[in-house]
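Report on the following structure.
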Amino acid sequence: MTPEAASTIIEQLALGIDPRTGAALPGGDACTAPEIIRALFVARQALLGRVPGETAGARRGPVIRNGVVLANVGKRWSAEDGDTLMELFAAGTPIRDIGMRLGRTDSGIISRLVLAGALPDRDTGYGLLRGARESSQQLA
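Here numbering that gives the first Met the number 0 is used: the first residue of the sequence shown is 0, the next is one more, and so on.
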């Protein structure tokens, strides 16, 4: 048996399917228990040579917006970056510009502003983004 064939069998079991018949496993089957399902998926990843627990973000390439690499996407916020964010936002810098300067996505900036209490909710932040976008389109 090849590792690929074994991987397929493990995946079918984890999905609650009898690999021999293609029928759904009965509800009381051991393979339908949540901890068994998780273990089967981890075993499948290991069999395929992937590191269990590795996040998808760790395998992806850098996030690029408008030709700018956003190097800090998914990374922890430093106290310095948090302070810079609050200073730039208080000075009226557009969210998109703050994101490019700090290497973060617009969503990341908005989430951090909500967490810091500078914005009441995410909808307000997205409203600011839409307003800035509409203003720049009118100027063009």
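Positions of the beta carbon are idealized from the N, C-alpha and C atoms, including for glycine.
Hey, could you find the ends of the beta strand (DSSP E) residue i is sitting in?
{"i": "Ile-16", "result": "Element bounds for Ile-16: n/a, residue is neither H nor E."}
{"i": "Arg-64", "result": "62 to 64"}
{"i": "Val-68", "result": "67 to 69"}
If you draw a straight line from the C-alpha of residue i to the C-alpha of residue j, how long is it?
{"i": "Asp-17", "j": "Thr-31", "result": "11 Å"}
{"i": "Gly-107", "j": "Ile-9", "result": "37 Å"}
{"i": "Asp-82", "j": "Glu-133", "result": "28 Å"}
{"i": "Ala-115", "j": "Glu-79", "result": "14 Å"}
Please list the terminal residues of the continuous alpha helix (DSSP H) segment that includes residue i.
{"i": "Val-41", "result": "33 to 46"}
{"i": "Leu-87", "result": "78 to 89"}
{"i": "Gly-107", "result": "105 to 115"}
State the CB to CB distance for the pair residue i and residue j, rounded to an integer number of angstroms; the pair is presumed to be in contact (CB under 8 Å).
{"i": "Leu-101", "j": "Asn-65", "result": "The Cβ separation is near 15 Å, so there is no contact."}
{"i": "Val-62", "j": "Met-99", "result": "11 Å between Cβ atoms; not a contact."}
{"i": "Met-85", "j": "Ala-131", "result": "Wrong, their Cβ atoms sit about 18 Å apart, outside the cutoff."}
{"i": "Ala-29", "j": "Ile-36", "result": "Actually they do not touch by this definition, with Cβ atoms about 10 Å apart."}
{"i": "Trp-76", "j": "Arg-111", "result": "6 Å"}
Less than 7 Å between C-beta atoms, sequence neighbours within five positions excluded: which residues of the same chain meet that for residue i?
{"i": "Leu-127", "result": "Ile-94"}
{"i": "Val-113", "result": "Asp-120, Arg-121, Gly-124"}
Leaving out five residues before and five after residue i in sequence, what residues of the same chain have Cβ atoms less than 6 Å from its Cβ?
{"i": "Ile-161", "result": "What is shown of the chain runs 0 to 139, which leaves residue 161 out entirely."}
Leaving aside the five residues before and after residue i along the sequence, list all residues of the same chain whose C-beta is less than 8 Å from its C-beta, in chain order.
{"i": "Thr-104", "result": "Val-62, Arg-64, Leu-69, Val-72, Gly-98"}
Any 3 or more C-beta pairs closer than 8 Å across the region 35 to 50 and the region 5 to 13: yes
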